[in-house]
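Residues 470 to 648, numbered by the working numbering, are exactly what the sequence shown covers, in order.
Glycine included, each C-beta is placed from N, C-alpha and C at the ideal position.
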Amino acid sequence: MDIQALAKDIPAQGEQSLEGIDFITNGDQYLTFMLGDEQFAIDILCVEEIRSWEQPTRIPNAPNHVKGVINMRGVIVPIIDLRIKFGVGENSYAVSTVVIVLTIEVEHDSKTIGFVVDAVSDVLNAEEDEIKKSPAFGGSIPPEFIIGLVNLEDAVVTLLNAEALHKIEKHQPNEGIQL
Numbered sequence: 470m471d472i473q474a475l476a477k478d479i480p481a482q483g484e485q486s487l488e489g490i491d492f493i494t495n496g497d498q499y500l501t502f503m504l505g506d507e508q509f510a511i512d513i514l515c516v517e518e519i520r521s522w523e524q525p526t527r528i529p530n531a532p533n534h535v536k537g538v539i540n541m542r543g544v545i546v547p548i549i550d551l552r553i554k555f556g557v558g559e560n561s562y563a564v565s566t567v568v569i570v571l572t573i574e575v576e577h578d579s580k581t582i583g584f585v586v587d588a589v590s591d592v593l594n595a596e597e598d599e600i601k602k603s604p605a606f607g608g609s610i611p612p613e614f615i616i617g618l619v620n621l622e623d624a625v626v627t628l629l630n631a632e633a634l635h636k637i638e639k640h641q642p643n644e645g646i647q648l
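Here it is as structure tokens:
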């Protein structure tokens, strides 16, 4: 056995062998999830964690889509049901129901919020030229929440804007509170 020959195949410190790794992409990656029968996606870099559904602590006078708050390692995280907020699907809580917790930098501050979805699907790699502009004919989701659409085999995935999702509606009398 020739030790010197084997040593030539070992990468030097700081050198990395990337041969055979297929997860590296030039495009952006999005976590896909289901709301009813529709498929959506969010920038994976904003995803802090995916949690199983647990009943949060209710907030008095909160809008119907604000399910409450949870304590996540000392951070109080508001939980929003996207199905109710966007009027998509039924708001039933099954075994597959999860909370996607996002953390995003907003005005030099980090903001964490959780979104209830029916199920998490997969990771989508999308090149910039694959993202199509959303049609302006209206719908249940306001356009400021949508980055664009991506064709995925026989389905269309709606890419959501994580920064826009962090903006909860301002408090209106008898409608809820601002988080």
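**Report entry** C-beta atoms of Glu632 and Ile545 nearer than 9 Å
**Finding:** no
Requested in this report: State the DSSP-derived secondary structure class of Glu576, mapped to helix, strand or coil.
Outcome: coil
Query raised in the report: Are the beta-carbon atoms belonging to Ile548 and Val567 less than 9 Å from one another?
Result: no
Query raised in the report: Which same chain residues, not among the five before or five after Glu599, have their C-beta less than 6 Å away from its C-beta?
Result: Val619
Query raised in the report: Helix or strand or just coil, what does DSSP make of Pro612?
Result: helix
Requested in this report: State the start and end residues of the unbroken beta strand (DSSP E) segment that holds Leu629.
Outcome: Ala624 to Leu629
Query raised in the report: Are the beta-carbon atoms belonging to Arg555 and Leu500 less than 9 Å from one another?
Result: Looking at the sequence shown, residue 555 is not Arg but Phe. Contact flag unset, no.
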